[in-house]
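These notes concern the structure reproduced below.
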Amino acid sequence: MLAFFVTVIVDRWKNIFANIGFIENTALAIATLVRGTEPEMVLTRRTIIRYLVLSQVLVFRDISLKVRRRFPNIDSIIKSGFLQEHEAVILEEIDCPYNKYWVPINWASAVLQKVFVEGKITAAPLFNAAWQEVKTFRSNMAILCNFDWVPIPLAYPQVIFVAVRFYFFMCLFTRQHLDMTDTRTVCLAKFPNF
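Under UniProt numbering, read the sequence shown as residues 1 to 194, first letter to last.
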């Protein structure tokens, strides 16, 4: 039972870490596949990456208390440069009772599609590679949200808590030695030191 619990915890931690959503791979793909040195293209690449990082900030705000303290409201995200004011208005107008992390990813996809139509991405396979990176990033964010929404059932930690304490309580009595050389049977009170 304890091994199962440890396996669940370690696998959960490993999956969360594997899906944390590092932006580097996606940023390298966008920087490589979206061509152009003119200022408009540099701004386009930065905008796509900014939208993806904004999505990550929105997800992490719901998962992490430290990120929630750093970005307590939309204004703090605007001040830090991840979101512009007109984008904040659009984001707040969307009527959705759940997390809206997918909206900036849709914006990034639309910008990527626009760049492809304009011919700044020279071939369809290159566009597909860039889109796959964005899609993988989005999937990682969705997995993190799922881990946050579905915690480990409370019964598992409680059962392990009771089982471990019961085991050590039983060890207090079962691991004591009886001195059989004496005619009287005296229990030697030796408690293990933890």
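For glycine and all other residues, C-beta sits at the position ideal for the given N, C-alpha and C. Remember, it's a predicted structure, so these values are computed and weren't measured experimentally.
Cutoff 6 Å; reference Ile16; Cβ partners in own chain excluding five residues on either side = For the purposes of this step, residue 16 is identified with residue 16 of the sequence shown, where counting begins at 1. Phe147, listed in sequence order.
CB Phe137 to CB Leu2, shorter than 7 Å?
-> Mapped onto the sequence shown, residue 137 falls at position 137. Mapped onto the sequence shown, residue 2 falls at position 2. Result no, Cβ atoms of Phe137 and Leu2 do not sit closer than 7 Å.
So what's Pro151 in DSSP terms, helix, strand or just coil?
-> Taking the first residue of the sequence shown as position 1, residue 151 is located at position 151. Coil.
Beta-carbon spacing of Asn19, Asn140 below 7 Å = Here residue 19 refers to the residue found at position 19 of the sequence shown. Here residue 140 refers to the residue found at position 140 of the sequence shown. Yes.
Okay, do the segment 56–74 and the segment 86–106 touch, 3+ Cβ pairs below 8 Å being the bar?
-> yes
Start-to-end residues for the alpha helix (DSSP H) that takes in Ala31 = The count along the sequence shown starts at 1 and reaches residue 31 at position 31. Here the alpha helix (DSSP H) through Ala31 covers 24–33.
Output the residue ranges of the alpha helix (DSSP H) runs that lie fully inside the segment 47–127 and measure 4 residues or longer, sorted by chain position.
-> Complete alpha helix (DSSP H) runs here, min 4: 65–70, 74–79, 85–93, 102–117.
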